[in-house]
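Numbering (this note's numbering), first residue to last: 2 to 275. Even for Gly, the Cβ is constructed at its ideal location relative to N, Cα and C. Take a look at the structure below.
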């Protein structure tokens, strides 16, 4: 999936990260470098359209913007193609008859958008009320929020667990930020003591493909585990090795949670990059 995602930004040549308390900005797209063109690509543009929808007085994505985003992330040869190819080798993860991206697209829409807060929770952040939010596991949404108004993301701190781990992993792919805490538009993350982890510099198509593959792998025999709250939790791992990047092979660990009663995403986030 990494190799199929042509719009992942490279740190520090295209994107710089400032993982310190009260960083403003936390992320900077390097002027004049390749990252400027990448965030102007269709997949980032369509992703940004959805982010704008969620800023409205009645925050909800328009159907046209959902359609446009799904078109952007289901391009042949992209990360979602790699996710589908993997799932086709995992019996029980896909409904019968799903064999190509066009047939896969309705599954994506149902998982993330139809009667589901999955996309909002993971990629945008979900305000439960004026004091509390949950989710918010996307670097580009944080970048956009700081760009709109720096006062919307305050009290930035890093509380990695275990505490000896660095908050930012910049010597493995994908780049990774752990233990990020902040006040977002006056609200704090719940439950108390929790933080946000996120891939850094990744294309929305890459994140969506990784999380989708994990959610659906959880439906297959030996995949996810039903927890005490009735949700299906799936722990996933994958290896990424790009010799041309000059970095060692990485082990990526991430988790997804699905409501098995309605087949919708509850949450998804990276846990570690080793």
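Nearest neighbour of residue i, chosen from the options [CA to CA]
{"i": "residue 132", "options": "184, 248, 59", "result": "184"}
{"i": "residue 6", "options": "243, 189, 226", "result": "243"}
{"i": "residue 194", "options": "200, 186, 180, 32", "result": "180"}
{"i": "residue 172", "options": "12, 3, 4", "result": "12"}
{"i": "residue 218", "options": "144, 157, 235, 14", "result": "235"}
{"i": "residue 271", "options": "252, 263, 265", "result": "252"}
{"i": "residue 42", "options": "264, 206, 269, 245", "result": "206"}
{"i": "residue 112", "options": "216, 274, 255, 225", "result": "216"}
{"i": "residue 267", "options": "274, 104, 121", "result": "121"}
{"i": "residue 124", "options": "197, 115, 94, 149", "result": "197"}
{"i": "residue 149", "options": "49, 117, 165", "result": "49"}
{"i": "residue 47", "options": "20, 204, 220", "result": "204"}
{"i": "residue 275", "options": "238, 138, 257, 245", "result": "238"}
{"i": "residue 170", "options": "4, 20, 56, 126", "result": "20"}
{"i": "residue 220", "options": "58, 2, 134, 262", "result": "262"}
{"i": "residue 76", "options": "18, 95, 106", "result": "106"}
{"i": "residue 18", "options": "94, 55, 177", "result": "177"}
Rounded distance between the beta-carbons of residue j and residue i, thought under 8 Å
{"i": "residue 9", "j": "residue 247", "result": "That belief does not hold up - the Cβ atoms of residue 9 and residue 247 are roughly 15 Å apart, past 8 Å."}
{"i": "residue 222", "j": "residue 147", "result": "Wrong, their Cβ atoms sit about 44 Å apart, outside the cutoff."}
{"i": "residue 84", "j": "residue 44", "result": "The pair is not a contact, with the Cβ atoms about 14 Å apart (cut-off 8 Å)."}
{"i": "residue 52", "j": "residue 140", "result": "No, residue 52 and residue 140 are not in contact; Cβ-Cβ is about 12 Å, not under 8 Å."}
{"i": "residue 250", "j": "residue 260", "result": "Wrong, their Cβ atoms sit about 34 Å apart, outside the cutoff."}
{"i": "residue 175", "j": "residue 168", "result": "Between residue 168 and residue 175 the Cβ distance is about 15 Å, and since that is not below 8 Å, they are no contact."}
{"i": "residue 71", "j": "residue 109", "result": "6 Å"}
{"i": "residue 269", "j": "residue 88", "result": "The pair is not a contact, with the Cβ atoms about 15 Å apart (cut-off 8 Å)."}
{"i": "residue 119", "j": "residue 265", "result": "6 Å"}
{"i": "residue 23", "j": "residue 157", "result": "5 Å"}
{"i": "residue 28", "j": "residue 114", "result": "At roughly 26 Å, the Cβ-Cβ gap does not stay under 8 Å, so residue 28 and residue 114 are not in contact."}
{"i": "residue 31", "j": "residue 14", "result": "7 Å"}
{"i": "residue 127", "j": "residue 116", "result": "About 15 Å; that fails the 8 Å criterion."}
Residue i at chain B interface by Cβ criterion, 8 Å
{"i": "residue 212", "result": "No chain B appears in the structure shown, which is made up of a single protein chain."}
Residue i - containing beta strand (DSSP E), residue span
{"i": "residue 236", "result": "233-241"}
{"i": "residue 148", "result": "No beta strand (DSSP E) contains residue 148, which is instead part of the alpha helix (DSSP H) from 140-149."}
{"i": "residue 269", "result": "265-274"}
{"i": "residue 201", "result": "197-201"}
{"i": "residue 259", "result": "251-260"}
{"i": "residue 185", "result": "176-185"}
{"i": "residue 11", "result": "Residue 11 -> no beta strand (DSSP E), and no H or E assigned at all."}
{"i": "residue 191", "result": "No beta strand (DSSP E) holds residue 191; DSSP gives it neither H nor E."}
{"i": "residue 155", "result": "154-159"}
Extent of the continuous alpha helix (DSSP H) run through residue i
{"i": "residue 218", "result": "205-218"}
{"i": "residue 47", "result": "43-54"}
{"i": "residue 135", "result": "Not the alpha helix (DSSP H): residue 135 falls in the beta strand (DSSP E), residues 133-135."}
{"i": "residue 110", "result": "102-113"}
{"i": "residue 86", "result": "80-88"}
{"i": "residue 58", "result": "Neither: residue 58 is in no alpha helix (DSSP H) and is coded neither H nor E."}
{"i": "residue 38", "result": "35-40"}
Outcome for residue i when other beta-carbon atoms lying within 10 angstroms are tallied against a minimum of 16
{"i": "residue 154", "result": "buried"}
{"i": "residue 163", "result": "exposed"}
{"i": "residue 151", "result": "exposed"}
{"i": "residue 92", "result": "exposed"}
{"i": "residue 129", "result": "exposed"}
{"i": "residue 258", "result": "buried"}
{"i": "residue 138", "result": "buried"}
{"i": "residue 90", "result": "exposed"}
Would you call the segment 201-210 and the segment 79-88 in contact, with 3 or more CB pairs under 8 Å?
yes
Please determine if the segment 96-108 and the segment 221-236 are in contact, where contact requires at least 3 C-beta pairs separated by less than 8 Å.
no
Looking at C-beta atoms only, is the number of pairs between the segment 22-40 and the segment 66-74 that lie closer than 8 Å three or more?
no
Could you check whether the segment 184-193 touches the segment 56-65, counting it as contact only if at least three pairs of C-beta atoms, one from each stretch, sit closer than 8 Å?
no
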